[in-house]
Amino acid sequence: MVKLKKDNLIIAKKKFNSRLIVGTGKYKSMLECSKAIKLSGAEIVTVAVRRVNISDKSKPLLMDYIDPKKITYLPNTAGCFNSKEALRTLRLAREIGGWKLVKLEVLGDKKNLFPDMIETLKSTEVLAKEGFKVMVYCNDDPLMAKRLENVGADAIMPLAAPIGSGLGIQNKINIQIIRKQTKLPLIIDAGLGQASDATIAMELGCDGVLVNTAIAKAKKPFEMALAFKNAVIAGRQSFNSGRIDKILMGKPSSPSKGII
Amino acid sequence: MKKIKKIKIKINGKIKTINENSHLSGLLKQLKIPLNKVAIELNEEIIDKKKINKLKLKKNDKIEIVHFIGGG
Chain G
11 MVKLKKDNLI
21 IAKKKFNSRL
31 IVGTGKYKSM
41 LECSKAIKLS
51 GAEIVTVAVR
61 RVNISDKSKP
71 LLMDYIDPKK
81 ITYLPNTAGC
91 FNSKEALRTL
101 RLAREIGGWK
111 LVKLEVLGDK
121 KNLFPDMIET
131 LKSTEVLAKE
141 GFKVMVYCND
151 DPLMAKRLEN
161 VGADAIMPLA
171 APIGSGLGIQ
181 NKINIQIIRK
191 QTKLPLIIDA
201 GLGQASDATI
211 AMELGCDGVL
221 VNTAIAKAKK
231 PFEMALAFKN
241 AVIAGRQSFN
251 SGRIDKILMG
261 KPSSPSKGII
Chain F
551 MKKIKKIKIK
561 INGKIKTINE
571 NSHLSGLLKQ
581 LKIPLNKVAI
591 ELNEEIIDKK
601 KINKLKLKKN
611 DKIEIVHFIG
621 GG
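Line by line, the protein sequences give chains G and F. For the first sequence, this note's numbering assigns the number 11 to the initial residue and increments by one for each residue that follows. For the second sequence, this note's numbering assigns the number 551 to the initial residue and increments by one for each residue that follows.
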């Protein structure tokens, strides 16, 4: 059998086997969420920081379903619209139990959920100085990606398309330019709709993808979780294999010599 | 017998009446908050969970208790 070289995803010096990161939102239940995560093979999951419901304690806790000792929690700042809110959220997240690896997401407008890159850049710099390992949700803008890298981001996470839109990668060229200019982990975050979108991201040379809605809201979330797992593996293997050049004309696959 | 004075505080946006000089730790215990799964803010400052025994609550204190939930 052919033995493939070990190909881990490394973020902030931590090694992961899976290149698929999944969100834990929008599932029908915690049980469905934890089963989908298992099937996806993801080792990192994003989580949100919210108020504890002090009047109703019967609600199940995420930590009871997804063991933070086995799966890396990636606290996010979803719902934050400025740097102050985002910093407050992540400082609290760190306090819950020492989480330093975080996903920064500062949104700019409620309609499109595009990132506010000025606030994002400011926050990245502060967080990096405070010792956080910051994975940054950003636009697919190579200049901004470079600036994030310069202020200490640990991973660049450009959107494929608006959050939850399911449109897939809209600007492949920019993603490729960002890939060329950075050695940081490049992870497509937001906007994927189906498994093949993840394959495309990986074939463009991305180090991983982050998916939530496309799995959680699929008619069959478990099957979609598995599909994304396979799609990411396929895309990565395809990228590592070195694809053939594109040509305009046909070229026969069978030898032309010896034709009867 | 001296009557215990009551004070009002805000916890996760809700007003709660408690005894004056209550400790934060006592309140958290009463609310059955699993300390290892939450972070706590008192008047917008993060509280070191190891030091909650020493903290006495004052009138109009604002407490926020947060935890992780599902999110993308």
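Ideal Cβ positions, reconstructed from N, Cα and C, are used throughout, including at glycine.
Should residue i be labelled buried (16 or more other beta-carbon atoms within 10 Å of its own) or exposed?
i	result
residue 567 of chain F	exposed
residue 222 of chain G	buried
residue 259 of chain G	exposed
residue 127 of chain G	buried
residue 44 of chain G	buried
residue 246 of chain G	buried
residue 212 of chain G	buried
residue 68 of chain G	exposed
residue 8 of chain G	Residue numbering for chain G in the displayed model covers 11 to 270; residue 8 of chain G lies beyond these limits and cannot be assessed.
residue 77 of chain G	exposed
residue 164 of chain G	buried
Let's see if you can read the secondary structure: which residues bound the alpha helix (DSSP H) around residue i?
i	result
residue 43 of chain G	40-50
residue 19 of chain G	No alpha helix (DSSP H) contains residue 19 of chain G, which is instead part of the beta strand (DSSP E) from 19-21.
residue 75 of chain G	72-75
residue 182 of chain G	182-191
residue 223 of chain G	223-226
residue 236 of chain G	231-251
residue 136 of chain G	127-139
residue 106 of chain G	93-107
residue 152 of chain G	152-160
residue 578 of chain F	574-580
Ends of the beta strand (DSSP E) at residue i?
i	result
residue 591 of chain F	589-592
residue 165 of chain G	165-168
residue 61 of chain G	54-61
residue 620 of chain F	612-620
residue 559 of chain F	556-561
residue 209 of chain G	That residue, residue 209 of chain G, is in no beta strand (DSSP E); its alpha helix (DSSP H) goes 205-213.
residue 585 of chain F	Element bounds for residue 585 of chain F: n/a, residue is neither H nor E.
residue 85 of chain G	82-85
Given residue i, which residues of its chain have a CB within under 8 angstroms of its CB, disregarding the five upstream and five downstream residues?
i	result
residue 277 of chain G	It is not possible to answer for residue 277 of chain G, since the shown part of chain G is limited to 11 through 270.
residue 606 of chain F	571, 572, 573, 574
residue 169 of chain G	124, 125, 147, 148, 149, 150, 198, 199, 200, 201
residue 181 of chain G	150
residue 194 of chain G	159, 163, 164, 165, 166
Could you pull out every residue in the same chain whose Cβ sits closer than 7 angstroms to the Cβ of residue i, ignoring the five residues on either side in sequence?
i	result
residue 96 of chain G	87, 90, 114, 116, 133
residue 271 of chain G	This structure cannot settle anything about residue 271 of chain G, because the visible part of chain G is limited to 11 through 270.
residue 129 of chain G	92, 93, 116
To the nearest whole angstrom, what separates the beta carbons of residue i and residue j, a pair I think is in contact under 8 angstroms?
i	j	result
residue 621 of chain F	residue 118 of chain G	Wrong, their Cβ atoms sit about 19 angstroms apart, outside the cutoff.
residue 615 of chain F	residue 588 of chain F	5 angstroms
residue 56 of chain G	residue 84 of chain G	5 angstroms
residue 157 of chain G	residue 131 of chain G	6 angstroms
residue 239 of chain G	residue 51 of chain G	5 angstroms
residue 244 of chain G	residue 209 of chain G	5 angstroms
residue 22 of chain G	residue 59 of chain G	Incorrect: roughly 20 angstroms between the Cβ atoms, too far for contact.
Go through its chain and collect everything with a Cβ distance to residue i's Cβ below 6 angstroms, but skip five positions before and after it.
i	result
residue 173 of chain G	123, 200
residue 554 of chain F	569
residue 38 of chain G	none
With 7 angstroms as the limit, tell me which residues of the region 210-234 of chain G have their beta carbon closer than that to any beta carbon of chain F; keep them in chain order.
Of all residues in the region 210-234 of chain G, 222, 223 have a Cβ within less than 7 angstroms of some Cβ in chain F.
With 8 angstroms as the C-beta to C-beta threshold (strictly closer), list the residues of the region 29-46 of chain G near chain F in chain order.
Residues 33, 34, 35, 36, 37, 40, 43.
Residues from the region 105-121 of chain G in contact with chain F, defined by Cβ distance under 8 angstroms
Residues 105, 106, 107.
Of the residues that make up the region 86-98 of chain G, which ones have a beta carbon closer than 8 angstroms to any beta carbon in chain F?
Answer set for the region 86-98 of chain G: 86, 88, 98.
Chain-ordered residues of the region 51-62 of chain G with a beta carbon less than 8 angstroms from chain F:
Answer set for the region 51-62 of chain G: 56, 57, 58, 59, 60, 61, 62.
Residues of the region 64-81 of chain G whose Cβ lies closer than 7 angstroms to any Cβ of chain F, in chain order:
Hits within the stretch, in order: 64, 67, 71, 72, 73.
Under 9 angstroms, CB to CB, which of the residues in the region 569-581 of chain F have a partner in chain G?
Of all residues in the region 569-581 of chain F, the ones placed with a Cβ closer than 9 angstroms to any Cβ belonging to chain G are 581, in chain order.
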